[in-house]
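Enquirer: Just so we're aligned, residue 1 is where the sequence shown starts under full-length UniProt numbering, counting upward by one.
Every residue gets a Cβ at the ideal spot worked out from N, C-alpha and C, and that includes glycine.
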Amino acid sequence: MLFTGGLEVERGDSGLAGFQDIKSDPVTGMLAHLGTAIQSNAPFCVHSGGLPQLEMIEAGQFVTLTGGTSGRPKALRRSQASWIASFEQNAALFEYSTSDSIAVLGSLSHSLALYGVLEALHLGMDAHVLAGLSASDQMRQIDGAGISVLYATPTQLRLLSLSAQPTLSNVRLILCGGGMLDAATEASIRTLCPNAALRVFYGAAETSFITLSDAQTPQGAVGKAYPGVTLRVTDEQGRDSTGTGEVWVQSPYLFDGYAHGESTDTSWRGGFLSVGEFGTLDEYGTLWLKGRKGRMVTVADQTVFLEELESFIATEIPGRMTVVLAEPDRMRGQRLVAVVMGGEDAEIQKKIRTACTKTFGPMIAPKTVLFHPALPLLASGKPDLSALERWIATR
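1) So is L7 buried or exposed if we call it buried at 16+ other beta carbons inside 10 Å?
2) Identify whether Q349 lies in helix, strand or coil by the three-state DSSP scheme.
3) Cβ-heavy atom distance between A346 and the ligand NAD below 6 angstroms?
4) Buried or exposed for K224, please, with buried defined as at least 16 other CB atoms from any protein chain shown within 10 angstroms of its CB.
5) Could you tell me if N90 is buried or exposed, where buried requires 16 or more neighbouring beta carbons within 10 angstroms of its beta carbon?
6) Express the C-alpha separation of V149 and V339 in angstroms, rounding to a whole number.
7) Which value, in whole angstroms, describes the spacing of the CA atoms of L375 and F87?
8) Would you call the CB atoms of G132 and T153 closer than 7 angstroms?
9) If distances are taken between C-alpha atoms only, which option among E316, Y202, V249, D214 comes closest to A196?
10) Flag this pair as touching only if the region 315 to 323 and the region 345 to 357 have three or more C-beta atom pairs under 8 angstroms; answer yes or no.
11) To the nearest angstrom, how far is the alpha carbon of T28 from that of S48?
12) If I'm right that F278 touches F305 with Cβ under 8 angstroms, what's the distance once you round it to whole angstroms?
13) Report yes if the C-beta distance between T66 and A205 is below 7 angstroms; otherwise report no.
14) Considering only C-alpha positions, which residue in the set T155, D21, V46 is nearest to S111?
15) Report yes or no: do the region 74 to 88 and the region 109 to 128 share at least 3 C-beta pairs separated by less than 8 angstroms?
16) In the DSSP assignment, find the alpha helix (DSSP H) that holds M180 and state where it starts and stops.
17) Between the alpha carbons of R332 and V129, how many angstroms are there, rounded?
18) What did DSSP end up calling S386 once you bin it into helix, strand or coil?
19) Can you tell me where the alpha helix (DSSP H) holding Q250 begins and where it ends?
20) Straight-line CA distance for D21 to S380?
21) If you draw a straight line from the C-alpha of V200 to the C-alpha of A37, how long is it?
22) If you draw a straight line from the alpha carbon of M363 to that of L281, how long is it in whole angstroms?
23) With contact counted as at least three CB pairs below 8 angstroms, one residue from each stretch, are the region 217 to 233 and the region 94 to 102 in contact?
24) Identify, in the order they occur along the chain, each residue of the same chain with its Cβ nearer than 6 angstroms to the Cβ of L287, setting aside the five sequence neighbours on each side.
25) Tell me the DSSP bridge mates of L325?
26) Compare the Cα-Cα distances from E57 to each of S79, M30, Q39, K74 and report the closest residue.
27) On the three-state DSSP scale, how would you describe A135?
28) A346 and R77: beta carbons closer than 7 angstroms?
29) Rounded to whole angstroms, how far is the Cβ of M341 from the Cβ of M321, which I believe are closer than 8 angstroms?
30) Could you have a look at V275 and say whether DSSP puts it in helix, strand or coil?
31) Consult DSSP for D126 and reduce its assignment to one of helix, strand or coil.
32) Going by C-alpha distance, which of G18, S386, T359, E310 is nearest L181?
33) In the DSSP assignment, find the alpha helix (DSSP H) that holds Q156 and state where it starts and stops.
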């Protein structure tokens, strides 16, 4: 069954064969429309408004929109089979049963939430859409409905852990993706959900699952290859590398192509797909990420991955989301600016500068540390980098 908050949603009649343009709000109408599309095997896209002109979408396919953290969102075309393959893997991995129920905390215009709902329906479980509710209300719904599985981004878990509600003892599994989960949020969530296994996964809209972590995954790594995934890390000549290189993925979960827009970071080679991510693959098959090509900058002739600095700062000031951006600099080419969520704090400012200087050197350390009361977020729960760049430019 489908639920929005505590309200059960009737599924629509089947029979429509054309493309289904599904707006994510209001939630109740969206869920009924989604049910119709699934039952009729019609191609569909769930979106929050302003759906771009799409290329031909066939029956058995659907479209998701990327988060667009640093550019315009793109429309991705994929087969239903590509997600169904991982539904079946997860059913075995996590020992799902029809007594389980899955909740998603964000809008179904974001692929993580849509995935969680469709997985539940495919496997015969109840699905609860808690988008648009406050963290406190989400807590009450999770507790009251006896929800056992959560799909969430790190930001959504962070907000949930700050709601100061009693523990959620009925939750047995949390699947977290869409960004780095900092140690402070992880500790808070483990306290909030004491009976839950926390499995952080890494992937992209184009690839779906790439790696999955477990209790043995070292701090800072993103885990080993998800079942059915083959990983390669290559140097600039395309040769397998034991150092930092481009991450390539082969699996049955890959998308079919872009239905609108494109990405210069995305490329295919011999059945393997890259989305421009760089990292290292150690001798045990564990993947360590550096960051995306699109967020790789040059400071004083040194290559810097902005996401690597963000991960480092998160360990220094847990609980305060931080985004690192680059701006032009006449002497260095570019210089870095750190934006920390929350009120002004001179101690945090000093700690970031000192720690980054010690670890990365004075040229790489952010020259400016700013504070933003509430970082702008996309529907995916990721920071809106374009909005932050505009905010910095007006200061």
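Expert: Once the coordinates are examined:
1) Since pLDDT at L7 reaches only 49, below the 50 mark, its modelled position is unreliable, and no value is offered.
2) helix
3) Within the structure as shown, the ligand NAD is missing, as the structure has no ligands at all.
4) buried
5) buried
6) 33 angstroms
7) 33 angstroms
8) no
9) D214
10) yes
11) 14 angstroms
12) 7 angstroms
13) For the 7 angstroms CB-CB criterion, T66 and A205 form a contact.
14) V46
15) yes
16) No alpha helix (DSSP H) holds M180; DSSP gives it neither H nor E.
17) If you take the alpha carbons of R332 and V129, they lie about 47 angstroms apart.
18) helix
19) Note, Q250: premise wrong, no alpha helix (DSSP H); beta strand (DSSP E) at 245 to 250.
20) 19 angstroms
21) 30 angstroms
22) 28 angstroms
23) no
24) T211, V222, G279, L281
25) V337
26) Going by the sequence as given, residue 57 is Ile instead of Glu. Among S79, M30, Q39, K74, the Cα nearest to that of I57 belongs to S79.
27) helix
28) no
29) 4 angstroms
30) It is coil, neither helix nor strand.
31) Three-state DSSP puts D126 in a strand.
32) E310
33) 154 to 161
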